[in-house]
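Written out below as structure tokens is the structure these notes cover.
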Amino acid sequence: MSDAVDYDPEMIRRTHIDDAAFEAHLTGNDAGELPALAAFAEDLRTMTSGPGPAPSAQLAAMIAEGFSTEQGDLPATAASNVPGPAPQAAGLPKWRKRKMIEFIAGLSVAAKAAFGISMAAASVTAAGAAGALPEPAQNAVSAAVEAVTPFSFPDKASDKADFGGRVSTDATDGGVDGRTVAEDAKNNGEDDGDGDGSRPAAPGQNGLDQANTTPAAGHVPSSVPAGKPATAGTQGSTGTDTAAGTPAAGHLPEAVPAGPPSETPPSDAGSESSTGTDTATQTPAADYVPSSIPAGPPAGRP
Amino acid sequence: MPRESLRSRPNLPICTHVSEDDRRPPGRLGQQFDPVLTAARSGAGWAAGRLWASVGAQVAGYLRAQGAPEPDDLASEVFIGVLRSLGSFSGDEERFRSWVFTIAHRRLVDERRRLARRPPASPLDDDERGGASPSASAEDEALRRLSEERVRRVCERLVPDQRDVLLLRLVGGLTSEEVAAALGKSPGAVRALQRRGVASLRRIFEQEGVPR
Numbered sequence: 339m340s341d342a343v344d345y346d347p348e349m350i351r352r353t354h355i356d357d358a359a360f361e362a363h364l365t366g367n368d369a370g371e372l373p374a375l376a377a378f379a380e381d382l383r384t385m386t387s388g389p390g391p392a393p394s395a396q397l398a399a400m401i402a403e404g405f406s407t408e409q410g411d412l413p414a415t416a417a418s419n420v421p422g423p424a425p426q427a428a429g430l431p432k433w434r435k436r437k438m439i440e441f442i443a444g445l446s447v448a449a450k451a452a453f454g455i456s457m458a459a460a461s462v463t464a465a466g467a468a469g470a471l472p473e474p475a476q477n478a479v480s481a482a483v484e485a486v487t488p489f490s491f492p493d494k495a496s497d498k499a500d501f502g503g504r505v506s507t508d509a510t511d512g513g514v515d516g517r518t519v520a521e522d523a524k525n526n527g528e529d530d531g532d533g534d535g536s537r538p539a540a541p542g543q544n545g546l547d548q549a550n551t552t553p554a555a556g557h558v559p560s561s562v563p564a565g566k567p568a569t570a571g572t573q574g575s576t577g578t579d580t581a582a583g584t585p586a587a588g589h590l591p592e593a594v595p596a597g598p599p600s601e602t603p604p605s606d607a608g609s610e611s612s613t614g615t616d617t618a619t620q621t622p623a624a625d626y627v628p629s630s631i632p633a634g635p636p637a638g639r640p
Numbered sequence: 007m008p009r010e011s012l013r014s015r016p017n018l019p020i021c022t023h024v025s026e027d028d029r030r031p032p033g034r035l036g037q038q039f040d041p042v043l044t045a046a047r048s049g050a051g052w053a054a055g056r057l058w059a060s061v062g063a064q065v066a067g068y069l070r071a072q073g074a075p076e077p078d079d080l081a082s083e084v085f086i087g088v089l090r091s092l093g094s095f096s097g098d099e100e101r102f103r104s105w106v107f108t109i110a111h112r113r114l115v116d117e118r119r120r121l122a123r124r125p126p127a128s129p130l131d132d133d134e135r136g137g138a139s140p141s142a143s144a145e146d147e148a149l150r151r152l153s154e155e156r157v158r159r160v161c162e163r164l165v166p167d168q169r170d171v172l173l174l175r176l177v178g179g180l181t182s183e184e185v186a187a188a189l190g191k192s193p194g195a196v197r198a199l200q201r202r203g204v205a206s207l208r209r210i211f212e213q214e215g216v217p218r
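Residue numbers (the working numbering), protein chains in the order written: chain A, 339 to 640; chain B, 7 to 218.
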């Protein structure tokens, strides 16, 4: 293919090779110092000259239609064309799958049917216990399981229905904690969104809006006069001071009598120099307090 | 002096003098590079076409000289990866070329590993490669094929590391430091490979550089 004219051996032999000469060749400042390299480079240049190769179909499409650079090495794919997640690669080991298949294959027809029914029932029961079934199916499964087992499934609807009864029972038993009741009511009303009025008012909804959704909507006035915003009072102000700023200021008494002292007297811890005997003589049992108490062993002794 | 006349004269090296313009890799965008790169980063197809035109032929030539089985298709794959990763690139045209050739070399290494596990079905002959450009004249195409054949023969006799260094430097225009980064070697090792590669070229040409 090549002939003698391509590379002159005499020129090549006179070549001394060093980095500077190579760099000089690359920058175009050598004068034939590296003819072998120059010839090789010239062939490379000829080989890579001219127009580039035709782009592949994918590259041609990117050039014609544009592309996305935001996904790094991932291909630009429209969201609607993104394939779903790949099937889970992990699963039972092959030897376990094989043993399972062998076990099932070894069963009789009746045993296979019973095995299948058992697996299906277990699946439905597990789904019911998790509350993952639709409402009618959930109710059916709950009823069936509760009929044949001692277990009971939580039922969101009946749980809400019992809420009022539970509050009533608590109130008659000894009182209710208002905060707890409020939290429970909020939790009951938050999740359904069924428009039954159990939800808390949406942001921006005032009391009138909420009242108009009740059965007494026909009696709700069209507007309510704005009241004076409540103030917390300053640190030094009394209740009388705060009341004087209300519309009922004309009905305030001149002075408010002091209330009874607290039933529990403040504990007297005793002064630094007082002894336990001094403090005891101030109590109703003062008559029984001995005049002196023998000193105990000094502190720090074992 | 035209290249053809140099080749037709006996006992004369073909590269007595090459101007700086001739040495500069073809297809450089120069001052247009920055706006083209900015447009390409935003996904403009025309800008992708300009970038491909500026380096596509060199990348395909590099892959062909390295003996890649389907260099043009591989060059397209390299450039698709380049376009999709443009957001992570910053720099001038020189750095862009260096970056592209680094990607091309790594893609070539991946392709060689893949082929080592699964050899190609059948090699393509020259006509099937589709290397001839529709716009190239028959004379240019003949010269290109002659050069390609010589380069292939020489490269087959070079040690792979020396071949990588010489081709990245001569075709890609990478500096020693850039070649070192692309190959995962130290700059000193690259310079040593470069010296030995040029010495190998000299020996190859002495032994059979005058083949008839």
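The beta carbon of each residue, even a glycine, is placed where N, CA and C say it ideally should be.
Q: Starting from the beta carbon of B/A71, find every residue of chain A whose beta carbon is closer than 8 Å, and list them in chain order.
A: Position 65 of the second sequence holds residue 71 of chain B. Near B/A71 (Cβ distances below 8 Å), the residues of chain A are L382 and M385.
Q: Give the interface partners of A/E403 over in chain B, defined as CB-CB distance under 7 Å, in chain order.
A: For this step, residue 403 of chain A is matched to residue 65 along the first sequence. Per Cβ cutoff of 7 Å: G51.
Q) Alpha carbon to alpha carbon, what distance is there between A/E403 and B/R220? A) Residue 220 of chain B lies beyond the residue range present for chain B, which begins at 7 and ends at 218; the question has no answer from this structure.
Q) In or out: A/F441 buried (at least 16 other Cβ within 10 Å) or exposed? A) Here residue 441 of chain A refers to the residue found at position 103 of the first sequence. With fewer than 16 other Cβ atoms within 10 Å, it is exposed.
(Q) Let's see if you can read the secondary structure: which residues bound the alpha helix (DSSP H) around A/S560? (A) Counting from 1 along the first sequence, the entry for residue 560 of chain A is found at position 222. Counting along the chain, A/S560 falls outside any alpha helix (DSSP H), and DSSP gives it neither H nor E.
Q: In angstroms with no decimal places, state the Cα-to-Cα distance between B/G62 and B/G179.
A: Mapped onto the second sequence, residue 62 of chain B falls at position 56. Mapped onto the second sequence, residue 179 of chain B falls at position 173. Near 14 Å, if we compare the C-alpha coordinates of B/G179 and B/G62.
Q) Leaving out five residues before and five after B/A188 in sequence, what residues of the same chain have Cβ atoms less than 8 Å from its Cβ? A) Locating residue 188 of chain B in the second sequence gives position 182, counting from the first residue. Counting only Cβ-Cβ distances below 8 Å, and skipping sequence neighbours, we find S104, F107, T108, H111, R112, L174 and L180.
Q. Is the shortest distance between the beta-carbon of B/R90 and the beta-carbons of chain A less than 9 Å?
A. Your numbering for residue 90 of chain B matches position 84 in the second sequence. Closer than 9 Å: yes.
Q: Buried or exposed for A/I455, please, with buried defined as at least 16 other CB atoms from any protein chain shown within 10 angstroms of its CB.
A: If you number the first sequence from 1, residue 455 of chain A lands on position 117. Exposed.
Q: Could you give the DSSP three-state label for B/R158: helix, strand or coil?
A: One-based indexing of the second sequence puts residue 158 of chain B at position 152. In the structure shown, B/R158 sits in a helix (DSSP, three-state: H, G or I).
Q: Please check if any C-beta of chain B sits within less than 9 Å of the C-beta of A/G444.
A: For the purposes of this step, residue 444 of chain A is taken as residue 106 along the first sequence, with counting starting at 1. In terms of beta-carbon proximity, A/G444 stays away from the interface with chain B, with every pair separated by 9 Å or more.
Q) The alpha helix (DSSP H) with B/R123 in it runs from where to where? A) One-based indexing of the second sequence puts residue 123 of chain B at position 117. Element bounds for B/R123: E99 to R123.
Q: Please report the residue range of the alpha helix (DSSP H) in which B/L69 lies.
A: Looking up residue 69 of chain B in the second sequence gives position 63. That run of the alpha helix (DSSP H) goes G51 to A71.
Q.
Suppose you measure from the CA of B/G87 to the CA of A/G388; what does that come to, to the nearest Å?
A. In the second sequence, residue 87 of chain B corresponds to position 81, counting from 1. In the first sequence, residue 388 of chain A corresponds to position 50, counting from 1. Approximately 23 Å, taken between the alpha carbons.
Q.
For B/G121, count the other beta carbons within 10 Å of its own beta carbon; 16 or more makes it buried, fewer makes it exposed. Which is it?
A. Here residue 121 of chain B refers to the residue found at position 115 of the second sequence. In the sequence under discussion, the amino acid at residue 121 of chain B is Leu, which differs from the Gly named in the question. Classification for B/L121: exposed.
Q) DSSP state of B/G87, grouped into three classes? A) Here residue 87 of chain B corresponds to residue number 81 of the second sequence, with the count starting at 1. The answer is helix: DSSP assigns B/G87 an H, G or I state.
Q: Consult DSSP for B/R34 and reduce its assignment to one of helix, strand or coil.
A: Here residue 34 of chain B refers to the residue found at position 28 when the second sequence is read from its first residue. Coil at B/R34, not helix or strand.
Q. At least one CB of chain B closer than 9 Å to the CB of A/F441: is that the case?
A. For this step, residue 441 of chain A is matched to residue 103 along the first sequence. No, A/F441 does not count as interfacial toward chain B.
Q: Check the Cβ-Cβ distances between A/M400 and every residue of chain B, and say whether any is below 9 Å.
A: Mapped onto the first sequence, residue 400 of chain A falls at position 62. Closer than 9 Å: yes.
Q) Contact between the segment 193 to 208 of chain B and the segment 159 to 174 of chain B: three or more CB pairs below 8 Å? A) yes
Q) Could you give the C-beta distance for A/T386 and B/G73, rounded to a whole number, given that I count them as a contact under 8 Å? A) Sequence index remark: in the first sequence, residue 386 of chain A carries index 48 (1-based). Sequence index remark: in the second sequence, residue 73 of chain B carries index 67 (1-based). That belief does not hold up - the Cβ atoms of A/T386 and B/G73 are roughly 15 Å apart, past 8 Å.
(Q) Does the CB of B/L176 have a neighbour CB from chain A at under 9 Å? (A) Position 170 of the second sequence, counting from 1, holds the residue named residue 176 of chain B. Among the residues facing chain A, B/L176 is included, as its CB has a counterpart in that chain under 9 Å away.
Q | 8 Å Cβ cut-off: residues of chain B touching A/A478 | A | Taking the first residue of the first sequence as position 1, residue 478 of chain A is located at position 140. Neighbours of A/A478 on chain B: none; closest Cβ ~53 Å, over 8 Å.
Q. Under a three-way DSSP split, which group does B/F95 fall into?
A. Residue numbering aside, residue 95 of chain B sits at position 89 when the second sequence is read from its first letter. Secondary structure at B/F95: coil, using DSSP grouped into helix, strand and coil.
Q: Consider the Cβ of B/L114: report whether some Cβ of chain A lies at a distance smaller than 9 Å.
A: Within the second sequence, numbered from 1, the residue matching residue 114 of chain B stands at position 108. With 9 Å as the cut-off, B/L114 does not count as an interface residue toward chain A.
Q. Can you tell me the Cα-Cα spacing of B/V65 and B/A81, whole angstroms?
A. Locating residue 65 of chain B in the second sequence gives position 59, where the first residue counts as 1. Locating residue 81 of chain B in the second sequence gives position 75, where the first residue counts as 1. Between B/V65 and B/A81, the C-alpha separation is close to 6 Å.
Q) Closer than 9 Å, CB to CB, is A/S406 near chain B or not? A) Position 68 of the first sequence, counted from the start, is the residue given in the question as residue 406 of chain A. Yes - at least one Cβ of chain B is within 9 Å of the one on A/S406.
Q.
Beta carbons nearer than 9 Å to chain C: which residues of the segment 74 to 102 of chain B have them?
A. Absent from the structure is chain C; the protein chains it does hold are A and B.
**Q.** Cβ shell of B/A71 (< 6 Å), same chain only, five flanking positions each side left out
**A.** The residue given as residue 71 of chain B occupies position 65 in the second sequence. These residues qualify, in order along the chain: V157, C161 and L173.
(Q) Does chain A have any CB closer than 9 Å to the CB of B/R47? (A) As a working note, residue 47 of chain B is residue 41 in the second sequence. So yes, B/R47 belongs to the interface.
Q. Span of the alpha helix (DSSP H) holding B/V42?
A. Counted from its first residue, the second sequence places residue 42 of chain B at position 36. Element bounds for B/V42: F39 to R47.
Q. Among A/L445, A/P393, A/R436 and A/A555, which has the Cα closest to the Cα of B/A54?
A. The sequence position of residue 54 of chain B within the second sequence is 48, counting from 1. With distances taken between Cα atoms, B/A54 lies closest to A/P393.
Q.
Check this for me: beta carbons of B/G93 and B/R159, under 9 Å apart or not?
A. As a working mapping, residue 93 of chain B is identified with position 87 in the second sequence. As a working mapping, residue 159 of chain B is identified with position 153 in the second sequence. No; because the gap between Cβ atoms is not below 9 Å, this pair is not in contact.
(Q) So B/L207 and A/L397 are supposed to be a Cβ contact under 8 Å. How far apart are they, rounded? (A) Working through the second sequence from its first residue, we reach residue 207 of chain B at position 201. Working through the first sequence from its first residue, we reach residue 397 of chain A at position 59. That belief does not hold up - the Cβ atoms of B/L207 and A/L397 are roughly 34 Å apart, past 8 Å.
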